[in-house]
Amino acid sequence: MSKRHPLFMPLIFVGGLIFGFGLGFSHMARPEVVLNFLQFEDFGLLFVMGGAAVVTAIAFGVIPRLFDRAPLTGDTYGRRLKSFDRNVLIGGAIFGIGWGLSGICPGAAYASLGVGNVTILWALAGMFVGAYIQGYWRSQRAESRTSTAGAD
Amino acid sequence: MVTELFAPALYESLFPAGISRYAVGGLLVGLGAAVIYLGTGIPAGASTFLESTLSYVSSQSRFQQYVGSRDWRVVFTLGIVAGAAVYALTVQSGLVSSGLYEPGTTGQLYDVGGVSLWLTDVQPWRLFLGGILVGIGTRIGKGCTSGHGVCGVGSGSKTSFVGVLTFLIVAVGTAQIVMALGVSP
């Protein structure tokens with residue numbers, strides 16, 4: 000990690016800065032706007048997710064053809080491809096219930112704090128609690144599996 | 000113009016706040032992800048931060064697997080908070096105005112030293128309980144709105160398409176039920 004390019008962290012910060020400004024400008028950082036979308040009162044949010052995905056689709060398609068390796072890490076350009084299993088459906092459904100109840104998702108919650116919404120700390124606290132619950136449970140399960148396998 | 004493709008009344012009911020602030024904001028979200036990808040090759044999502052940050056305080060194996068990326072994920076999140084704060088200082092405060100920006104009527108604006116900040120009206124119990132489910136679900140489901148929705152879909156990942164479809168449909172159903180039960184805001 001000490002070999003990281005000196006511009007690595009500054010670039011991550013600038014990327015986050017643009018990302019967060021966009022979430023503020025689009026009002027996706029406001030739970031009310033997300034709830035209005037999910038309640039079919041304002042479909043504008045489709046343009047936030049769609050607009051962002053169009054830009055990444057172009058970037059992820061074009062950049063690997065222009066350059067061999069990323070300048071700040073030396074890594075090759077890959078795509079974000081995750082394996083499919085039932086966790087995608089189970090986790091997606093649990094996330095959906097939470098998103099529909101609160102109107103907030105992780106990135107938008109960080110941005111919401113930035114626009115002054117201190118009340119969103121409730122959601123952020125909840126997200127850490129939820130992430131801890133599933134991580135604790137899955138870590139314990141992984142360990143008990145390993146120890147069972149070791150005993151056999 | 001997109002406006003002219005619809006009957007004005009229909010457009011008005013589908014997009015009461017117009018589409019430009021949404022589209023411009025979305026393009027910027029994508030641009031932020033693209034800048035990080037161009038420099039580092041990383042397709043960044045926002046929800047891994049929750050687990051990677053827990054690795055500072057918990058030795059559980061599930062969190063420790065993210066030790067290598069936890070530092071930059073903190074920087075990414077601080078960037079998101081700062082970027083939204085720049086928006087609050089400029090556009091939300093009226094210092095910068097644009098025909099592409101529709102101010103909106105949700106929540107409460109309050110003033111701190113000449114800067115317009117914003118507060119939600121959504122009740123804390125909804126945020127906290129919903130937050131817990133978001134924390135569990137995004138981590139089990141391998142991604143959130145940015146990981147699956149922006150980077151995954153942008154990668155043409157079938158897993159991400161299915162993930163987005165799942166959380167979108169369930170979220171619509173949940174929000175409709177909560178509204179029907181008379182919970183507001």
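First to last, the protein sequences are chains A and B. Mapping of the first sequence onto numbering that gives the first Met the number 0: position 43 corresponds to residue 42, and the numbering continues sequentially without gaps. Mapping of the second sequence onto numbering that gives the first Met the number 0: position 135 corresponds to residue 134, and the numbering continues sequentially without gaps. For each residue, glycine too, the CB sits at the ideal point set by N, CA and C.
Just how far apart, CA to CA, sit residue i and residue j?
{"i": "A/N92", "j": "A/Q133", "result": "This sequence places Ala at residue 92 of chain A; Asn is not what is there. If you take the alpha carbons of A/A92 and A/Q133, they lie about 15 Å apart."}
{"i": "B/A81", "j": "B/T173", "result": "31 Å"}
{"i": "B/S46", "j": "A/Y76", "result": "21 Å"}
{"i": "A/R3", "j": "B/F75", "result": "16 Å"}
{"i": "A/E31", "j": "A/D67", "result": "43 Å"}
{"i": "A/V87", "j": "A/G106", "result": "19 Å"}
{"i": "B/T119", "j": "A/P70", "result": "41 Å"}
{"i": "B/Q122", "j": "B/S183", "result": "8 Å"}
{"i": "A/Y131", "j": "A/Q139", "result": "12 Å"}
{"i": "B/R186", "j": "B/S51", "result": "Summary: the structure shown does not reach residue 186 of chain B, with chain B confined to residues 0 through 184, and so no result is reported for it."}
{"i": "A/R29", "j": "B/T105", "result": "8 Å"}
{"i": "B/P15", "j": "A/R137", "result": "44 Å"}
{"i": "A/F94", "j": "B/R138", "result": "9 Å"}
{"i": "B/Q91", "j": "A/D84", "result": "42 Å"}
{"i": "A/A124", "j": "A/V117", "result": "12 Å"}
Determine which residues share a DSSP beta bridge with residue i and list them.
{"i": "A/T75", "result": "A/R68"}
{"i": "B/W117", "result": "B/L108"}
Report yes or no: is there a C-beta of chain B within less than 8 Å of the C-beta of residue i?
{"i": "A/S138", "result": "yes"}
{"i": "A/T72", "result": "yes"}
{"i": "A/T209", "result": "With chain A covering 0 to 151 only, the question about residue 209 of chain A has no answer from this structure."}
{"i": "A/D41", "result": "yes"}
{"i": "A/R144", "result": "no"}
Identify whether residue i lies in helix, strand or coil by the three-state DSSP scheme.
{"i": "A/E40", "result": "coil"}
{"i": "B/C143", "result": "coil"}
{"i": "A/M0", "result": "Any answer about A/M0 is weak, because its pLDDT of 48 lies below 50 and its placement is not dependable; what the coordinates show is given next. It is coil, neither helix nor strand."}
{"i": "A/S25", "result": "coil"}
{"i": "A/P9", "result": "helix"}
{"i": "B/F127", "result": "helix"}
{"i": "A/K81", "result": "coil"}
{"i": "B/Q122", "result": "coil"}
{"i": "A/N152", "result": "Residue 152 of chain A is absent from the model: chain A starts at 0 and stops at 151."}
{"i": "B/E11", "result": "helix"}
{"i": "B/G93", "result": "coil"}
{"i": "B/P184", "result": "coil"}
{"i": "B/E101", "result": "coil"}
{"i": "A/N192", "result": "Nothing about residue 192 of chain A can be reported from this structure: the residues present for chain A run from 0 to 151 only."}
{"i": "B/P42", "result": "coil"}
So residue i and residue j are in contact, right, with Cβ under 8 Å, and what is the actual spacing, rounded?
{"i": "A/A122", "j": "A/I103", "result": "5 Å"}
{"i": "B/G140", "j": "A/I89", "result": "7 Å"}
{"i": "A/L44", "j": "B/Y21", "result": "6 Å"}
{"i": "B/L33", "j": "A/T55", "result": "Reading off the sequence, residue 33 of chain B comes out as Ala, not Leu. With a Cβ gap of about 6 Å, B/A33 and A/T55 count as contacting."}
{"i": "A/G19", "j": "A/Y109", "result": "7 Å"}
{"i": "A/M48", "j": "B/T144", "result": "7 Å"}
{"i": "B/G148", "j": "A/G129", "result": "Rounded, the Cβ-Cβ distance is 19 Å, inconsistent with contact."}
Under a CB-based cut-off of 8 Å, is residue i close to chain A?
{"i": "B/L49", "result": "yes"}
{"i": "B/L180", "result": "no"}
{"i": "B/Y36", "result": "yes"}
{"i": "B/R69", "result": "no"}
{"i": "B/P7", "result": "no"}
Which residues of chain C have a Cβ atom closer than 7 Å to the Cβ of residue i, listed in chain order?
{"i": "B/S154", "result": "The structure shown contains no chain C; its protein chains are A and B."}
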